[in-house]
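**Q**
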Amino acid sequence: MTTFMGYERADGSVGVRNHVVILSTVSCANPVVQHIAQGAPGAVPIIHAHGCGRKPEKPIHRDTLIGYGTHPNVYATIIVSLGCESIPVQEIIDGIKAKRPTEVLVIQDCGTVKTTEKGIELAKKFLAEAAQVERKEFPVSKLMLATQCGGSDALSGMTANPTIGRLTDWLVGEGGSSVITESTEMIGTTPVLARRAVDDKVREDITRVIADAQKHAVEILGPNAARAIAPGNIAGGMTTIQEKSLGCIRKGGTVPLSEVVAYGQKPTRSGLIVMDGPGYDGESLSGLTMMGCQIMTFSTGRGTPMGVPVMPVIKLASNDQLYARMEDDMDFNAGRLVSTNMTFEEAGDELIDLFLRVVNGEPTKAEKNDQNGVVCLYTYSAPF
Amino acid sequence: MEMVFKQVMIMDDKDNVAVALHPIAEITRVTLPDGRVILSAEPIPQAHKIAIHPIAKGEAVIRYGENIGYATKDIAQGELVHVHNLDAVEGM
Numbered sequence: 055m056t057t058f059m060g061y062e063r064a065d066g067s068v069g070v071r072n073h074v075v076i077l078s079t080v081s082c083a084n085p086v087v088q089h090i091a092q093g094a095p096g097a098v099p100i101i102h103a104h105g106c107g108r109k110p111e112k113p114i115h116r117d118t119l120i121g122y123g124t125h126p127n128v129y130a131t132i133i134v135s136l137g138c139e140s141i142p143v144q145e146i147i148d149g150i151k152a153k154r155p156t157e158v159l160v161i162q163d164c165g166t167v168k169t170t171e172k173g174i175e176l177a178k179k180f181l182a183e184a185a186q187v188e189r190k191e192f193p194v195s196k197l198m199l200a201t202q203c204g205g206s207d208a209l210s211g212m213t214a215n216p217t218i219g220r221l222t223d224w225l226v227g228e229g230g231s232s233v234i235t236e237s238t239e240m241i242g243t244t245p246v247l248a249r250r251a252v253d254d255k256v257r258e259d260i261t262r263v264i265a266d267a268q269k270h271a272v273e274i275l276g277p278n279a280a281r282a283i284a285p286g287n288i289a290g291g292m293t294t295i296q297e298k299s300l301g302c303i304r305k306g307g308t309v310p311l312s313e314v315v316a317y318g319q320k321p322t323r324s325g326l327i328v329m330d331g332p333g334y335d336g337e338s339l340s341g342l343t344m345m346g347c348q349i350m351t352f353s354t355g356r357g358t359p360m361g362v363p364v365m366p367v368i369k370l371a372s373n374d375q376l377y378a379r380m381e382d383d384m385d386f387n388a389g390r391l392v393s394t395n396m397t398f399e400e401a402g403d404e405l406i407d408l409f410l411r412v413v414n415g416e417p418t419k420a421e422k423n424d425q426n427g428v429v430c431l432y433t434y435s436a437p438f
Numbered sequence: 043m044e045m046v047f048k049q050v051m052i053m054d055d056k057d058n059v060a061v062a063l064h065p066i067a068e069i070t071r072v073t074l075p076d077g078r079v080i081l082s083a084e085p086i087p088q089a090h091k092i093a094i095h096p097i098a099k100g101e102a103v104i105r106y107g108e109n110i111g112y113a114t115k116d117i118a119q120g121e122l123v124h125v126h127n128l129d130a131v132e133g134m
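In order, the protein sequence lines correspond to chains A and B.
Note that my numbering gives residue 423 to position 369 of the first sequence, counting from 1, and the numbers run on in steps of one.
Note that my numbering gives residue 99 to position 57 of the second sequence, counting from 1, and the numbers run on in steps of one.
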């Protein structure tokens, strides 16, 4: 049994970081959130562009913000509300308060200057408390790994994704979980994933999720969707959507498929999980955060620097050229599988070692460089 | 330092194509990971596929151990496998 030193939470989850989060309920509160975080070094601002003007997504935005505020890597949360926003603030407060030490500030009660001052004071108090919390030993079965690819190239599916697949196989073998998502990038892989499903229910779920993604792709791209991959992909050597998708799902290794969950939903089983979710990285990352993954591996061929405010993200470069260009942003060079005699077994072992160092506290490049930015909330309707 | 130069990568034992890691010229010996040597029939651009076995018209093209499409004409060992001789699996 492999163990790591993590942070125990009252709700039974275990974190690999111990963040104090300053959470904006609506975009109007973003500047105050940023100023509080600037005044309390170490606090993590969560800012986003929504919170009003979108009716259909209200429940998903509420749940996403609760997901950030109660994430396993979060010690305490300060909620910053404007006061008149349409997102159900009380439900967000109740949802976060049930699981984490929480403070609430309303800008319309006393203005931005006083709210910022109060916020800095509260954040410093929480940061001091958080610094007193000691890590405890837990089995890695407590961990759920998020896997993502973005800015992919022809080598992503040949070097970086299969290396992540090795980490998935190892972690699931230890009793932990790994999540693959980006439903559009599973089109064409139904027979492969259905064959790996642990039972009929999961087989039906994965078949439905991919059929829905395919139906959506055909609506947008027309009946030739199977051939309609980007021209850049075809020039890069790709042929069919199956070929591209098979490279994508390599992040899920070779283990059985335990469960299929909706966007941001927490799984009830451990093992390999599919989250039904969008291909757009920003929205995908919020879903993976909301479901409670504590750490992420992110493969890229062109170079995507983005991180997640509450989660360490390990960046894998698929090729040597990218690693040389963006070494400041890349944690692992999977291009060595092409340029040297490195085997998949060696690459997998090296990634497992890196994963263990990161869950024990070693910062990733995205953490060191503060590549958190603005959180994306899932949107599909037009604003009013 | 020893220069290492892998020519192609094969993702699964069942695959009937390999992927060129660097551009391969016409009529060049290509050493496969298992040590077998085949001859390229035409130039293979980087990240494109080369047939490592003959693939008959209508037969599945296998990569990652899975069917990625069907040969639309007979493909000889060493030939480029791309959208000119491979089409999508029906209905995806």
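The beta-carbon is built from N, C-alpha and C at its ideal position, and this holds for glycine as well.
All values derive from a computational prediction rather than experimental measurement.
Just reading off the beta strand (DSSP E) that Gly-333(A) is part of, what are its end residues?
**A** Careful: Gly-333(A) lies outside any beta strand (DSSP E) and carries neither H nor E.
**Q** Quick one: is Leu-408(A) near chain B, going by C-beta distance under 8 Å?
**A** Cβ-Cβ to chain B under 8 Å: no for Leu-408(A).
**Q** Between Leu-311(A) and Arg-262(A), is the Cβ-Cβ spacing less than 8 Å?
**A** No, the pair does not count as a contact, with Cβ atoms beyond the cut-off.
**Q** With distances taken Cα to Cα, identify the nearest neighbour of Val-367(A) among Ile-349(A), Asp-374(A), Gln-375(A).
**A** For the residues Ile-349(A), Asp-374(A), Gln-375(A), the minimum Cα distance to Val-367(A) belongs to Ile-349(A).
**Q** With DSSP run on the structure shown, which of helix, strand or coil describes Tyr-122(A)?
**A** Tyr-122(A): helix per DSSP, three-state reduction.
**Q** Along chain B, in chain order, which residues have C-beta atoms closer than 7 Å to that of Gly-290(A)?
**A** Chain B residues near Gly-290(A): Ala-89.
**Q** Going by the DSSP bridge assignment, what does Pro-193(A) pair with across the sheet?
**A** Pro-193(A) is bridged to Thr-57(A).
**Q** Over the uninterrupted beta strand (DSSP E) stretch that includes Arg-105(B), give me the two end residues.
**A** Residues 102-105.
**Q** Strictly by DSSP, which residues pair up with Gln-454(A)?
**A** Because chain A here runs from 55 to 438, residue 454(A) falls outside it and cannot be looked at.
**Q** At least one CB of chain A closer than 8 Å to the CB of Leu-128(B): is that the case?
**A** So, interface residue.
**Q** Name the chain B residues that come within less than 8 Å of Met-240(A), Cβ to Cβ?
**A** The contacting residues do not exist; Met-240(A) stays about 11 Å from chain B at best.
**Q** Within this structure, are the beta carbons of Val-233(A) and Leu-342(A) separated by less than 8 Å?
**A** Against a cut-off of 8 Å, the Cβ pair of Leu-342(A) and Val-233(A) comes out as a contact.
**Q** Where Ala-316(A) and Ile-97(B) are concerned, what is the direct C-alpha to C-alpha distance, given to the nearest angstrom?
**A** Roughly 40 Å separates the two Cα atoms.
**Q** Please go through the same chain and pick out, in chain order, the residues whose beta-carbon is closer than 6 Å to the beta-carbon of Met-134(B), but skip the five residues on each side of it.
**A** Here Met-134(B) scores only 45 on pLDDT, less than 50, and its place in the model should not be relied on; the value that follows carries that caveat. Correct list: empty, nothing qualifies.
**Q** Going by beta carbon distance, what residues of the same chain come within less than 6 Å of Thr-118(A), once the five residues before and after it are set aside?
**A** Answer for Thr-118(A): Ser-340, Met-344, Leu-431, listed in chain order.
**Q** Does the beta carbon of Met-134(B) come closer than 8 Å to any beta carbon on chain A?
**A** Caution is warranted here: a pLDDT of 45 is assigned to Met-134(B), below 50, making its placement in the model unreliable, and the coordinate value is therefore given only provisionally. Chain A, which has a Cβ nearer than 8 Å to the Cβ of Met-134(B), makes this yes.
**Q** Kindly say whether Leu-74(B), judged by its beta-carbon, lies nearer than 8 Å to any beta-carbon of chain A.
**A** No, Leu-74(B) lies away from the interface with chain A (no Cβ there is under 8 Å from its Cβ).
**Q** Go ahead and pull the three-state DSSP assignment for Met-396(A).
**A** It is coil, neither helix nor strand.
**Q** My parser needs the beta strand (DSSP E) runs of 3 or more residues fully inside the segment 278-325 of chain A; what are they?
**A** The qualifying runs are 311-315.
**Q** Is it right to say Cys-203(A) is buried, meaning 16 or more other beta carbons lie within 10 angstroms of its own, or is it exposed?
**A** So Cys-203(A) counts as buried.
**Q** Let's see if you can read the secondary structure: which residues bound the alpha helix (DSSP H) around His-73(A)?
**A** No alpha helix (DSSP H) holds His-73(A); the beta strand (DSSP E) holding it covers 73-78.
**Q** Can you grab the Cα-Cα spacing for the pair Leu-225(A) / Gly-325(A), in whole Å?
**A** Leu-225(A) and Gly-325(A): Cα-Cα distance of roughly 8 Å.
**Q** Mind listing the chain B neighbours of Met-21(A)? Cutoff is C-beta to C-beta under 7 Å, in chain order.
**A** Residue 21(A) falls outside the range modelled here, since chain A spans only 55 to 438, and no answer is possible.
**Q** Does the separation of the CB atoms of Asn-423(A) and Asp-383(A) fall below 8 Å?
**A** Yes, they are a contact pair.
**Q** Can you check DSSP and say which residues form a bridge with Met-365(A)?
**A** Met-365(A) is bridged to Val-362(A).
**Q** Below 7 Å on C-beta distance, what does Ala-208(A) contact in chain B?
**A** Here the neighbours are Ala-89.
**Q** Run the CB neighbour count on Ser-435(A), radius 10 Å, all protein chains shown included, and call it buried at 16 or more, exposed below.
**A** Exposed.
**Q** Please list the partners that Val-74(A) has in chain B, where partner means a Cβ-to-Cβ separation under 8 Å.
**A** By Cβ distance, chain B contributes nothing, its closest Cβ being about 44 Å from Val-74(A), past 8 Å.
**Q** Go ahead and label Met-43(B) buried or exposed: buried means 16 or more other beta carbons lie within 10 angstroms of its beta carbon, across all protein chains shown.
**A** Bear in mind that the predicted position of Met-43(B) carries a pLDDT of just 40, short of 50, making it too unreliable to give a figure here.
**Q** Closest to Lys-419(A) by CA distance: which of Ile-288(A), Arg-154(A), Asn-395(A), Glu-381(A) is it?
**A** It is Glu-381(A) whose Cα lies nearest to the Cα of Lys-419(A).
**Q** Would Thr-358(A) and Gly-205(A) qualify as a contact pair, given that the criterion is a beta-carbon distance under 8 Å?
**A** The answer is yes: Cβ separation under 8 Å.
**Q** Between the segment 108-115 of chain A and the segment 57-67 of chain A, do at least 3 Cβ pairs fall closer than 8 Å?
**A** Taking 8 Å as the limit for Cβ pairs, the verdict is that the segment 57-67 of chain A does not touch the segment 108-115 of chain A.
**Q** Once DSSP output is grouped into helix, strand and coil, what is the label at Lys-153(A)?
**A** Coil at Lys-153(A), not helix or strand.
**Q** Does Leu-63(B) have its Cβ less than 8 Å from a Cβ in chain A?
**A** So, interface residue.
**Q** Quick one, which of Glu-313(A), Lys-320(A), Lys-153(A), Ile-141(A) has its alpha-carbon nearest Asp-259(A)'s?
**A** Nearest of Glu-313(A), Lys-320(A), Lys-153(A), Ile-141(A) to Asp-259(A), Cα basis: Glu-313(A).
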